[in-house]
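See structure below.
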Amino acid sequence: MKCDDLMKLLAQTVSVRNKVVLIMIILFAEILSMSTTAEAKSKPNELVIRADKGKDTINRNIYGHFSEHLGRCIYGGFWVGEDSPIPNTRGIRNDVVQALRRIKMPVLRWPGGCFADEYHWKDGIGPREKRPGMVNTHWGKVTENNHFGTHEFLDLCEQLGCEPYICGNVGSGTILEMQEWVEYITFDGKSPMADLRRKNGRDKPWKVKYWGVGNENWGCGGRMRPEYYADLYRRYSTYLRNFSGNRLYKIACGPSGANYHWMEVLMREAGRHMNGITPHYYCGSGKKSRSATRFTEEDWFEQLKRALYMEELVSRHSAIMDKYDPEKRVGMLVDEWGTWHQVEPGTNPGFLYQQNSLRDALVAGITLNIFNNHCDRVRMANIAQTINVLQAMILTKDEKMILTPTYHVFDMYKVHHDATLLPVELECGDYQFGEEKIPTLSVSASRDKTGNIHISLCNLDPKKSAELICKLPGARGQKASGRVLTADAMTAHNTFDNPETISAKAFRDFKLKGDTLKLTLPSKSVVVLEIK
Ligand code: AHR
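The sequence shown: position 346 = 499 (this note's numbering), numbered continuously.
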């Protein structure tokens, strides 16, 4: 019975004694309802991190990167040439290498992207002045001089201390071309390709593990049907040989977004011949504005909602993979992901040069949490792209370089590399905008080899801070510390004039007592905590 009904009953009751009893019941019901409403309003977000559990490793390659011959990613980004006044080592920018070493970049994918299926590697070897040019038809129809080729890329990976990941040409290349590329790079003995490599100045072969057989072959890589590509994949991959102790990890082109049919056909027809498969998903931009830095809360909400969709994609693609590969031998490698805004005003639309704000940092934090939590299947991911293109880590302008908010997230999250994922149970409120809502918080946690626990948290709400009570059964840590990335404005970003507007700061709004951590996450923030 509701209070209103009790009031009606009270009006009808004649006996004074019954009236008193009814008044007491009404008062009691009111007090009860007030206290439950207050409880619902202030119910804190709760998180349990099973520090006593955990079996899967977060492959450091989830923190991988992607660099394409697109706009100013390679030229002006990584490569300035040996004669440049910009400090470089054999043509590669020193400032960029230093910055990327700091975030421990584990793997770098190259040369594309759509460019990969137009790239003919033999044009990019030998004396640079003799290399033929080509038109980069996908990206701005500019002339590519091929000054950055196989030797330069592998030198870059050595300077960065990361694994190279090469994507071969299926769309417009041949099997022989791809087969010879592997021989050129990895064969130690005497052979036409190994001799050519030596003639070009490199005696010892390189090791290259990750090898992609085409890119987006459902689209720019040849507009193929999955049945046709699956057969081509089987054919091309047959001739990718292991030479001189180098073992290739063969990677098939995966689906675009929610194309579950592509995943089904590829796993069914070619699953046993591959080591990895590569879904791609870009989470676009805002709802009304596609600008990277001029947007409203409606755009913020939409962008984060689209980023959260990665959870569904990974779960559903994993379920299909589980059907054909229950042992989880084949890795899911999300080798292109990130935001895709309008290009910066006045720049070449074919160069995909965009700014990067706090909103991009939230997208990175949310997405990396999703990958961490699915590390039983997701073994690599490559954000698109490293420099000056899409959701970049670094922006350059001649000799200047700035680090983006996304860079800072990769820096903060590097503590998860090769750590053991800890199971989490999160009960959190919703961030509501208009008629729609999404969870306020995103989280993942891991234990590193020294036993330290790291928790990465995002507060998606741009207006409200979030209280969180975190239980850590099994944690032995005594001391906690943290870093936070946030700003006053949703649109905050770094510029060449103000390069430090947004960067990670010490986070102190927490209390650790026994196995309970209480914290307040600022609105629109990414926080990483360490418990020692
Ligand atoms: O990253 C930009 C482009 O997006 C890549 O070249 C292509 O693979 C994808 O469509």
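For every residue, glycine included, the Cβ atom is placed at its ideal position computed from N, Cα and C.
| request: Report buried or exposed for ASP270, applying the criterion of at least 16 other Cβ atoms within 10 angstroms of its Cβ. | output: buried
| message | At a threshold of 7 Å, does ALA537 count as lining ligand 1 (C-beta to nearest heavy atom)? | response | yes
| contact_flag[the stretch 199-213, the stretch 568-583] where n(CB pairs < 8 Å) is 3 or more | yes
| field | CA nearest to the CA of ASP475, picked from THR520, GLN456, HIS527 | value | HIS527
| Limits of the alpha helix (DSSP H) - the one that GLY518 falls within | 511-526
| said: For ligand 1, I want to know if GLU450 counts as a neighbour, meaning its beta carbon is within less than 7 Å of at least one of the ligand's heavy atoms. | reply: no
| Is GLY217 closer than 8 Å to MET533 when the C-beta atoms are compared? | yes
| request: Inspect the beta-carbon positions of MET463 and ILE523 and report whether they are closer than 8 Å. | output: yes
| Within 8 Å, strictly: CB atoms of PRO558 and ASP513 | yes
| query | From GLU192 to ASP248, what does the alpha carbon distance come to, in whole angstroms? | reply | Note that GLU192 has pLDDT 38, beneath the 50 cutoff, so the model's placement of it is unreliable and the number below is only indicative. Straight-line Cα distance between these residues: approximately 52 Å.
| Less than 7 Å between the CB of CYS267 and some heavy atom of ligand 1, yes or no? | yes
| Exposed or buried, which one is PHE340 when buried takes at least 16 other CB atoms within 10 Å? | buried
| task | Using the DSSP secondary-structure output, state which residues sit across from MET435 in a beta bridge. | result | At residue 435 the sequence reads Tyr, which differs from the Met that was named. According to DSSP, TYR435 bridges with GLY491.
| request: Could you round the C-beta distance between ARG636 and MET565 to whole angstroms and report it? I think they count as a contact, below 8 Å. | output: 5 Å
| field | Separation of VAL562 from GLU450, as counted between CA atoms | value | 21 Å
| request: Return yes when the Cβ of ILE215 is within less than 8 Å of the Cβ of ASN525, no when it is not. | output: yes
| task | Indicate the three-state DSSP secondary structure (helix, strand or coil) for ALA693 in the structure shown. | result | With the chain covering 154 to 685 only, the question about residue 693 has no answer from this structure.
| field | Enclosing beta strand (DSSP E) for VAL288 [first to last residue] | value | 287-289
| query | Alpha carbon to alpha carbon, what distance is there between ILE608 and LEU556? | reply | 23 Å
| message | Distance check for GLY354 and ALA347, CA to CA, integer angstroms please. | response | 11 Å
| query | Ends of the alpha helix (DSSP H) at PRO379? | reply | 379-391
| Is LEU185 buried or exposed, if buried means 16 or more other CB atoms sit within 10 Å of its CB? | Bear in mind that a pLDDT of 49 at LEU185, under 50, signals an unreliable position, so the number given afterwards is only what the model happens to contain. By the neighbour-count rule (16 or more Cβ atoms within 10 Å), LEU185 is not buried but exposed.
| request: Compute the Euclidean distance between the alpha carbons of PRO379 and ALA411, then round it to the nearest angstrom. | output: 14 Å
| Cβ of GLU271 versus every heavy atom of ligand 1: is any distance shorter than 7 Å? | no
| Euclidean distance between Cα positions of ASP276 and VAL260 | 24 Å
| request: Quick one: give me the first and last residue of the beta strand (DSSP E) that THR296 is part of. | output: 295-297
| query | Relative to ligand 1, is the shortest distance from any of its heavy atoms to the C-beta of LEU223 smaller than 7 Å? | reply | yes
| field | C-alpha gap between LEU574 and SER595, whole angstroms | value | 15 Å
| message | Tell me which residues share the same chain as ASN535 and place their Cβ nearer than 6 Å to its Cβ, disregarding the 5 neighbours each side in the sequence. | response | GLY217, HIS218, PHE219, ARG262, ASP488
| request: Give every residue of the same chain whose Cβ lies closer than 8 Å to the Cβ of MET643, excluding the five residues on either side of it in the sequence, and list them in chain order. | output: PHE448, GLU450, TRP453, SER510, LEU511, ARG512, PRO615, LYS677
| query | At a cut-off of 7 Å, is ASN368 close to ligand 1 when judged by its beta-carbon and the heavy atoms of the ligand? | reply | yes
| message | My assumption, with CB atoms under 8 Å, is that ARG530 sits in contact with SER471. Please give the rounded CB distance. | response | 5 Å
| query | Short check: CB of LYS441 to CB of ILE591, under 8 Å? | reply | no
| message | Taking the alpha-carbon of ASN501 as reference, which of LEU521, VAL542, ILE519 has the nearest alpha-carbon? | response | VAL542
| message | Let's see if you can read the secondary structure: which residues bound the alpha helix (DSSP H) around TRP334? | response | 328-339
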